[in-house]
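Asker: Right, I'll just put the structure down here and ask away after.
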Amino acid sequence: MNTNYRFTFGPWNISTGADPFGPPIRPELSVAQKLREYKKLGFDGIQLHDDDVVPADWSPEQTRRGVAEFKKMLDDEGLFAEFIAPRLWEDPRTADGAYTANSESDRRYALDRSRRAIDIANMLGTRDIVLWLAREGTYIREAKDPVVAVQRILDAVNALLAYDPTIRLLGEMKPNEPMDQAYLPTPAHFLALCYRTADPSRCGVLIESAHSILAGLDPSDDMAYALWHGKLWSVHLNDQNGLKYDQDKSFGSVDLRRAFNTVWVLERAGYSGCVGLDVKSMRTTRPEHQTKHLANSRAIFLRLVEVARRLDVQTVERCRAERDYEALEMYVLDCLMGRV
Ligand code: GLO
Ligand code: MG
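Heads up, the sequence shown is in my numbering, so the first residue is 301 and it goes up one at a time.
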């Protein structure tokens, strides 16, 4: 049983509410302002893109100084950096993908940028690099050779493992958006690739609830599978109302039972990674309420931990032995409604 969950989120989880149909509706807070919110909200650490720390086009010397200043801000707030994720989806050179781009120079840019993200991680004292392969896929199948693409992802992963023998790589897989179809669309796809890398022990996954749901999978089963491999190294908990754009709703807000099952699996398996909450506030949220979704998601997680601990394992086992899943279902629903 994990009695000490560590909570994290990224600066992008406090946002302006801009969407494809409308400009920002809340003022952008500076990173320093955001950092001051973490402890108040009960969070322990921060998840970062490389350019959340320093702009991607800074020289090595500027980068070194900028990262040192950022590290000081984190230390002053008592926060740790959980991971660095190279943002491989905004630069024009990543329009056609990063590691799988058809242009050789674009692929080189993606690798250089990823190596730089590793340098930043080292300077901030974290060994975890998250690869959300946002644009590794296609809008039309004919655009790339899918066999070559998978090999290119493997080659990139191997190049990063070789660049620094201490880092771990965590694939954060998502089946679609922004692409029509992503390569390696689920955690299980990435896990298979892990075993083909030069160092499988340093390759694992971060699983996001909404991404599993978009792939038609149950997040708790997806996470259980990665836990069985000993490779669930981080999570992005949130919620998703059906198959549409990636919503990043507050954890448990759509399907409380699905959220409960997620927490229950993490609890039973003694999950020891950070509890990342990749949630977005609604566009309608007023600036003074723009961190509520984070506090709410954390509170829902902790309440579900209480439910999981209150649940009578013997009742569950009896129902299983008697194959009385009707009774089991009612028992779980009663637990969720506070009747047990
Ligand atoms: C988008 C992803 C994204 C990543 C983040 C860290 O769908 O969930 O928010 O989690 O960029 O790599
Ligand atoms: Mg995510």
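A virtual CB, placed ideally from N, CA and C, is assigned to each residue, including glycine.
Considering only residues of the region 408-474, which uninterrupted beta strand (DSSP E) runs meet the minimum length of 3 residues and lie entirely inside it, listed in chain order?
Answerer: Segments of the beta strand (DSSP E) lying fully in the region 408-474: 428-432, 468-472.
Asker: If you reduce the DSSP assignment to three classes, tell me which class glutamine 590 lands in.
Answerer: Glutamine 590: coil per DSSP, three-state reduction.
Asker: Name the one or two DSSP bridge partners that valine 505 has.
Answerer: Valine 505 pairs with Gly471, Leu532.
Asker: What residues match up with cysteine 574 in a beta bridge as DSSP calls it?
Answerer: DSSP, once it has assigned bridges, lists Ser534 as partnering cysteine 574.
Asker: For leucine 335, which of Asp351, Ile346, Asp419, His589 has the nearest alpha-carbon?
Answerer: The option with the nearest alpha carbon to leucine 335 is Ile346.
Asker: Could you give the DSSP three-state label for leucine 348: helix, strand or coil?
Answerer: Leucine 348 falls in the strand class under three-state DSSP.
Asker: Should glutamate 626 be counted as a contact of the ligand MG given a C-beta to heavy atom distance under 6 Å?
Answerer: Glutamate 626: no, Cβ never under 6 Å from the ligand MG.
Asker: Can you tell me which of the three DSSP states glutamate 617 falls into?
Answerer: Glutamate 617: helix per DSSP, three-state reduction.
Asker: Return the first residue and the last residue of the beta strand (DSSP E) that glutamate 622 is part of.
Answerer: Counting along the chain, glutamate 622 falls outside any beta strand (DSSP E), and DSSP gives it neither H nor E.
Asker: So which residues touch the region around the ligand MG, with touch meaning a C-beta under 5 Å from any heavy atom?
Answerer: Listed by chain position, these are Glu508, His536, Asp578.
Asker: Return the bridge partner residues of glutamine 481 from the DSSP annotation.
Answerer: Paired residue(s): Thr438.
Asker: Residues in the same chain with beta-carbon distance under 8 Å from serine 405, minus the five sequence neighbours each way, listed in chain order, please.
Answerer: Counting only Cβ-Cβ distances below 8 Å, and skipping sequence neighbours, we find Arg393.
Asker: Note down the Cα distance separating tyrosine 571 from lysine 474, rounded to an integer number of angstroms.
Answerer: Roughly 22 Å between the two C-alpha positions.
Asker: Leaving out five residues on either side along the sequence, give the residues of the same chain with a beta carbon under 6 Å from the beta carbon of tryptophan 533.
Answerer: Taken in chain order, the residues that qualify are Leu470, Gly504, Gly573.
Asker: Measuring CA to CA, which of Ala492, Asn476, Arg326 is closest to proline 485?
Answerer: The shortest Cα separation from proline 485 among Ala492, Asn476, Arg326 belongs to Asn476.
Asker: Mapping DSSP to helix, strand and coil, what is phenylalanine 551?
Answerer: Coil at phenylalanine 551, not helix or strand.
Asker: For phenylalanine 380, which residues does DSSP report across the bridge?
Answerer: The partner list for phenylalanine 380 (beta bridge, DSSP) reads Gly345.
Asker: So the beta strand (DSSP E) phenylalanine 321 belongs to, where does it begin and stop?
Answerer: Premise fails: phenylalanine 321 is in no beta strand (DSSP E) and is neither H nor E.
Asker: In the DSSP assignment, the beta strand (DSSP E) including threonine 308 goes from what residue to what residue?
Answerer: Note, threonine 308: beta strand (DSSP E), 307-309.
Asker: From the DSSP output, read off the bridge partner residues of alanine 385.
Answerer: Partner(s): His349.
Asker: Per DSSP, which one or two residues make a beta bridge with aspartate 391?
Answerer: Paired residue(s): none; aspartate 391 is not in a bridge.
Asker: Taking only three categories from DSSP, how would you classify aspartate 539?
Answerer: Looking at aspartate 539 - three-state DSSP - the assignment turns out to be strand.
Asker: When every heavy atom of the ligand GLO is checked, does at least one fall within less than 6 Å of the C-beta of aspartate 546?
Answerer: True, at least one ligand heavy atom lies under 6 Å from that Cβ.
Asker: Does the Cβ of valine 331 lie closer than 6 Å to at least one heavy atom of the ligand GLO?
Answerer: No, Cβ of valine 331 sits at least 6 Å from all heavy atoms of the ligand GLO.
Asker: At a cut-off of 6 Å, is alanine 498 close to the ligand GLO when judged by its beta-carbon and the heavy atoms of the ligand?
Answerer: No, the Cβ of alanine 498 stays beyond 6 Å of every heavy atom of the ligand GLO.
Asker: Looking only at its own chain, which residues have a Cβ that is under 6 Å from the Cβ of arginine 441, when we skip the five neighbours before and after it?
Answerer: If we look at arginine 441 and ignore the five residues flanking it on each side, it has no Cβ neighbours.
Asker: Measure the alpha-carbon distance for asparagine 538 versus serine 550 and round it to whole angstroms.
Answerer: Cα-Cα distance, rounded: 5 Å.
Asker: Assuming the contact rule is C-beta atoms closer than 8 Å, glycine 317 and proline 324 should be a hit. Round their C-beta distance to whole Å, please.
Answerer: Sure, about 6 Å apart at Cβ, within 8 Å.
Asker: Please classify serine 315 as buried or exposed, where buried requires at least 16 other C-beta atoms within 10 Å of its C-beta.
Answerer: By the 10 Å Cβ count, serine 315 comes out buried.
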